[in-house]
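The next block holds one structure in the form of C-alpha cells; read it before the comments.
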Amino acid sequence: MQKSLEIILDQIGGLYKFHDHPITYLYNTLFYYEKRLADKTNLKRKLVSAIIGAFSDIRPENWCLSEDYLLYLKRSQDESAWTPDHEYYIKLINRLRSTILGELPPPYQSADWRFNEFPNAAAHTLHSICVELMALPVSAQTVGEALIDVSLKPSSLLPPQKDMMSWYNAVGLVLTALPESYWSVLNDRILKAITSPMLETPAAHHSPFKILNVSLSHLQNAEHQCSTVLELCHGVWHHAGIGQLSHLPQFVKEKLKPVIKHENQFIFLCHLVGPFLQRFHMERTRCLLELTVELYDILLIVDSKSEHLYHMDAICDYLYHIKYMFVGDGVRSEVEKVICKLRPALKLRLRFISHLNIEETTSVVPVTTVPTCVPSQ
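Going by UniProt numbering, the sequence shown opens with residue 1, and the numbers climb by one from there.
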C-alpha cells in the first residue's frame with residue numbers, strides 16, 4: 001500500500017500546484033492520520049516533498065519549509081535518518097515569534113493576503129511549522145519534549161526574560177495546533193515541577209507566593225523551575241481549545257492528587273488552574289464542578305498530612321472566590337462532607353461555604369451542667 005502511494009505521488013504529484021490550499025490539505029492529512037503515519041517516515045517525507053515540491057517553479061524555495069528540512073528532503077532514502085538538534089526547534093519557534101511581532105518578513109513579501117490560503121503571515125507560518133514538525137522522522141513525544149525544552153532550557157538564542165511571554169505564546173500556538181500526543185508531554189513536566197523539593201519539602205523561609213511569582217523572578221533574575229513551568233502552562237493552555245482543556249480535572253484527579261501532600265504543592269495547583277476557571281464556567285461547567293470538588297479533596301489530604309498550615313487565609317479566599325464567582329451552591333453537598341473533616345481553624349474560616357453553625361466548627365466539647373437540688377422550705 002505504501003509503495004503504491006509513493007508511485008502515485010511520483011507520477012501525479014505535480015498536479016498539486018493547482019491546489020488552492022496545499023498547506024491546509026497537508027496539515028489536515030498529517031494531523032488526522034497521525035497515528036497511522038507515526039512509523040511511516042518515508043511516506044510522510046514523500047507526501048511533503050510531492051505537495052510542497054509541486055510549487056518549486058511558482059514560489060520561492062523557502063516559502064513553506066525551513067532550510068534544515070529542505071536539506072533533509074534532498075537526502076536519499078538510505079540517508080533519511082535525522083534527529084534534529086535543540087537549535088533546530090529554537091529556530092522554528094523564533095521564526096513564528098518574529099513573524100507575529102512583525103520583525104521577520106514572510107518568505108514572499110509581495111503576497112496579497114486577501115487571495116491567499118491564509119489571512120496573514122502568522123497563520124501561514126504556524127501551519128507551515130506544524131506540517132514540518134508532524135513530518136519529522138522522530139516520535140511525537142520527542143518533538144513535544146523538544147518544544148518544551150526550548151522554553152525551559154537556558155540558551156543564548158532565547159529572547160531576554162522580559163520578552164519571554166512572547167516566546168511562550170509562540171510555543172503555545174504550535175503545541176495546541178498539533179495532535180494530543182505532542183502536547184500531552186507537558187503533563188509530565190507539571191508532575192515533575194509539583195514534586196520538586198522546592199514544593200514538596202520546602203525550607204521554612206521559602207514563601208510559595210514569591211517562588212511562583214513570575215514577575216518577581218524576572219526582576220530578581222532568579223528563574224525557578226516551578227514558576228517557569230507555570231508560565232509555560234498558562235501560555236500553552238491559553239491557546240488550547242475547550243476540548244483540550246477538558247482533560248484537566250481528570251489529570252488533577254489521577255496524576256496530581258496522589259502526589260500532593262504539602263501546602264505549597266496545593267498553592268501551586270491553585271495557581272495552575274486559577275486562570276482557566278472563568279473559561280470552564282462559560283464553556284464547560286461540568287469540568288468546573290469536578291475540578292472544584294477535587295480541590296477540596298486535595299485540601300483535606302494536605303490538612304491531614306500537615307502539622308501546621310501557614311496560608312489558610314489565602315487558601316480560603318481562593319475557595320470563597322470560586323464559590324461566589326463561579327459555582328455557587330453547585331457542589332455544596334460534596335463540599336460540606338469535606339469541610340466537616342477539616343481542622344477547626346479551617347472549618348471556622350469556611351463556615352459560610354458549608355453553612356455550618358459556629359458551634360459545629362469548634363472541637364470544644366460542651367460542659368454538661370448538673371442540676372442542683374433546691375431544699376424545700
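Even glycine gets a Cβ: it sits at the ideal position worked out from N, Cα and C.
When the Cα atoms are used, residue 179 and residue 82 turn out to be separated by approximately 21 Å. Selection 342, 132, 254, 38 evaluated against residue 305 yields 342 as nearest (Cα-Cα). Residue 325 sits exposed, since fewer than 16 C-beta atoms from the chains shown fall within 10 Å of its C-beta.
Inclusion of residue 98 and residue 92 in the CB contact set at 7 Å is not warranted, their separation being larger than that value. Under the 8 Å Cβ criterion, the segment 266-286 does not count as touching the segment 169-178, having fewer than three qualifying pairs.
If you check the CB distance, residue 135 and residue 48 come in under 7 Å.
For the options 87, 286, 332, the alpha carbon positioned closest to that of residue 296 is the one of 332. Comparing C-alpha distances from residue 308 to each of 261, 276, 327 shows the shortest one belongs to 261.
Closest in C-alpha terms to residue 46, from the list 330, 75, 252, 346, comes 75. By the criterion of a C-beta distance shorter than 7 Å, residue 271 is surrounded in its chain by 212, 230, once the five residues flanking it on both sides are discounted. Annotation: residue 159 is outside any alpha helix (DSSP H) and is labelled neither H nor E by DSSP. For residue 310, there is no enclosing alpha helix (DSSP H), since its DSSP letter is neither H nor E. The beta carbon of residue 228 lies closer than 7 Å to those of 152 in the same chain, with the five residues before and after it left out. Assignment of residue 183 by DSSP, reduced to helix, strand and coil, places it in the helix class. Residue 88 sits in a helix when the DSSP states are folded into three classes.
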